[in-house]
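Those protein sequences? They're chains Z and D, same order as listed.
For the first sequence, counting from 1, position 236 maps to 236 in the working numbering; every step adds exactly one.
For the second sequence, counting from 1, position 53 maps to 53 in the working numbering; every step adds exactly one.
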Amino acid sequence: MHDVSNIGPRVIIWFDEGPFKGLYITETVFWAIIVSVGVIIFTLVSARRLERDPKGAQGVAELIVEFTYNMVRNTMGKHCIGFAPFIGTLFLYLLFANALGLIGFRPVTSDMNMTFALSILVFFLIQVNSMRSRGVIGYFRHFCEPYPLMLPIKIIEDFTFPISLSFRLFGNILAGVIIMALVFSGLGFLSESVLHLPIPLLEAVFPLPLNAFFDIFEPILQAFVFSMLTMSFIAKAIATHEH
Amino acid sequence: MSNITPEAFVLGLSAIGSAIVMFVGFGVGLGQGLATGKAVESIARQPEAKGDIMSTMFAGLAMTETSVIFALIVALVLLFANPLVGKL
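See the structure below:
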């Protein structure tokens with residue numbers, strides 16, 4: 001992770017022969033699978049024996065679920081409460097995927113493929129829900145509202161949303177990764193060639209405030225922002241005159 | 001001046017360009033400071049609406065941040081995946 005010369009994700013598993021020849025797995029895919037399996041295991045464990053008085057993992061899970069439902073109800077309104085499981089999954093997954101730098105690995109979302117996949121998912125969710133709530137004719141008509149001259153601007157607006165969403169997440173997390181790499185290599189250089197320490201001792205305590213900002217605060221903020229923008233755009237897409 | 005290779009010239013100008021493009025941060029910093037100041041003002045006026053103000057402010061700050069993120073992407077592309085060197 002702390003290598004400034006190459007900012008792309010490393011290839012960690014590759015096949016030279018056999019049926020999977022030429023296939024390779026980057027650390028992005030590896031850690032994405034690990035994080036999703038971890039979230040699934042947590043949900044299964046916390047919902048295994050449900051009790052009336054929650055304790056342990058069930059209490060944490062209930063806290064998360066309640067927080068998600070409150071957030072969705074406040075942002076999108078009561079009629080969109082069905083989106084809460086999706087938003088909660090997105091939030092939880094992004095939280096852990098962003099915070100991988102805390103244990104010294106490359107965050108999953110510092111790879112543009114990952115963020116683009118997520119934002120394309122959100123894009124199709126928005127378009128399909130817009131089509132379902134407006135009907136096919138109404139869907140195509142709302143591009144021409146308030147007057148047909150707005151058509152290109154509306155289309156551009158719809159297509160720039162996933163691009164800016166994915167670039168926002170990617171840029172924020174990658175900036176954190178680069179700054180952490182620069183700080184770590186600078187501290188390593190200082191302790192090695194200036195103070196002549198046998199081990200890079202300066203790397204131990206000094207980056208802690210930066211770690212707290214880039215690996216705890218920023219992941220929470222970016223996961224919140226991603227799910228917040230997703231929610232508000234879905235709510236905008238299915239807003240009809242009755243609500 | 002004559003002993004500079006074209007690659008070095010393009011790379012040097014790209015580095016300067018990536019520094020200039022990050023000047024977007026000036027405007028974004030001003031805008032985000034104004035927005036946060038207004039949010040603090042409205043929280044001081046109505047402390048009971050803190051949650052709503054904070055979440056709206058964070059969403060707005062994220063939208064404001066988009067331009068500086070695009071500038072960061074351009075700067076990173078110029079530094080690490082320069083498309084101009086291949087055209088020489």
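Positions of the beta carbon are idealized from the N, C-alpha and C atoms, including for glycine.
CB-CB length for residue 32 of chain Z against residue 46 of chain Z, believed under 8 Å: Contact doesn't hold; Cβ gap of about 22 Å is too wide.
Reduced DSSP secondary structure (H/G/I, E/B, other) of residue 69 of chain Z: helix
At least 3 beta-carbon pairs within less than 8 Å: the region 29–43 of chain D vs the region 220–227 of chain Z: no
Residues near residue 15 of chain D by beta carbon distance below 8 Å, same chain, minus five either side: 78, 79
Residue 93 of chain Z, buried or exposed, once every other Cβ within 10 Å from all chains shown has been counted against 16: buried
Exposure of residue 243 of chain Z, with buried meaning 16 or more beta-carbon neighbours within 10 Å: Confidence is the limiting factor: at residue 243 of chain Z the pLDDT is only 45, short of 50, which leaves the residue's position unreliable and the question unanswerable from this model.
Extent of the continuous alpha helix (DSSP H) run through residue 37 of chain Z: 27–46
Three or more C-beta pairs below 8 Å linking the region 54–71 of chain Z and the region 131–143 of chain Z: no
Which listed residue (D/69, D/12, D/2) has its alpha carbon closest to that of residue 26 of chain D: D/69
Neighbouring residues, chain D, relative to residue 175 of chain Z (Cβ below 7 Å): 72
Buried or exposed (CB count within 10 angstroms, at least 16 for buried), residue 3 of chain D: exposed
Near the ligand PLP: residue 68 of chain D beta-carbon under 8 Å from a heavy atom: This structure simply doesn't include the ligand PLP, nor any ligand for that matter.
Limits of the beta strand (DSSP E) - the one that residue 11 of chain Z falls within: 11–14
When Z/122, Z/129, Z/86, Z/173 are compared against residue 160 of chain Z, the one with the closest alpha-carbon: Z/122
Nearest-angstrom Cβ-Cβ length linking residue 176 of chain Z and residue 218 of chain Z, presumed shorter than 8 Å: 6 Å
Straight-line gap, residue 9 of chain Z to residue 49 of chain D (C-alpha atoms, nearest Å): 43 Å
Between the CA atoms of residue 97 of chain Z and residue 58 of chain D - distance to the nearest angstrom: 20 Å
Residues that DSSP places opposite residue 24 of chain Z in a beta bridge: Z/14
Residues near residue 232 of chain Z in its chain [Cβ-Cβ closer than 8 Å; skip 5 each side]: 75, 76
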